[in-house]
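Chains as they are written, first to last, in the numbering used here: chain A, 1 to 120; chain B, 1001 to 1107.
The following block contains the structure:
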């Protein structure tokens, strides 16, 4: 079955870190770019970060550049997002998503999401 | 960064209505515009990619078009399962920004 499964979310205090994971199955993981997209409670979608299929090229949104790090382990079919120095405004459901093409970054497969809550 | 302005923010419509949602890019994005549907508590779902290509399994009542930097999602005859939020996204250049969303509600 083609699917993405996120894990690693939870409740953390401001300033703490968290590593999110996304395990892929059912497709050739290393052939496609991957992205993280987040959604704060009651808000819209915010694209956070992306990484090429090889892992050589990474991309970040302005709000997380310098704080978050995206990576992937193609031998484990797993995508990661290291989130550092978390702030209340980082509270959101974090989705991982697969690029639909090797030449485009529309997102054709999404996980169910993992909730990150930053609160003291 | 490319800013995507989506309108309206919300709309009320009835089953069978024709519904149009617009997304305007702050600069040229060629045809790199995609549409997603999201229902409460669920992950987004790709509807249309590259302006007008219907994702596999998506009903043909959904369609997309463009005029310059203005992009349109049209639902030809609204069905009960179409009441949801809709988002546009540009995939022309990073960061691949989303519009703020349009919530389609029952009138």
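The beta carbon of each residue, even a glycine, is placed where N, CA and C say it ideally should be. Quantities reported herein were computed from a predicted structural model and do not represent experimental measurements.
It is roughly 19 angstroms from the alpha-carbon of residue 1057(B) to the alpha-carbon of residue 112(A). Ranked by Cα distance from residue 75(A), the first of 6(A), 20(A), 31(A) and 11(A) is 31(A). Not a single C-beta of chain B is nearer than 8 angstroms to the C-beta of residue 5(A). Sorting 54(A), 118(A), 45(A) and 3(A) by C-alpha distance to the C-alpha of residue 102(A) places 54(A) at the top. Counting only Cβ-Cβ distances below 8 angstroms, residue 1050(B) has contacts in chain A at 104 and 106, in chain order. By the CB criterion at 8 angstroms, residue 58(A) and residue 70(A) fall inside the cutoff. The secondary-structure analysis by DSSP pairs residue 1061(B) with nothing; it has no beta-bridge partner.
By the criterion of a C-beta distance shorter than 8 angstroms, residue 1097(B) is surrounded in its chain by 1001, 1002, 1003, 1004, 1089 and 1090, once the five residues flanking it on both sides are discounted. Residue 1009(B) sits exposed, since fewer than 16 C-beta atoms from the chains shown fall within 10 Å of its C-beta. With a cutoff of 8 angstroms on beta-carbon distance, residue 1073(B) and residue 1086(B) are scored as near each other. In this structure, residue 1107(B) sits away from residue 1028(B), with a CB-CB distance that is not shorter than 8 angstroms. With respect to the 8 angstroms criterion, residue 25(A) and residue 1(A) are classified as neighbours on the basis of their beta carbons. In this structure, the alpha-carbon of residue 1048(B) lies about 11 angstroms from that of residue 1032(B). Taking a Cβ-Cβ cut-off of 9 angstroms, the neighbours of residue 111(A) in chain B comprise 1043, given in sequence order.
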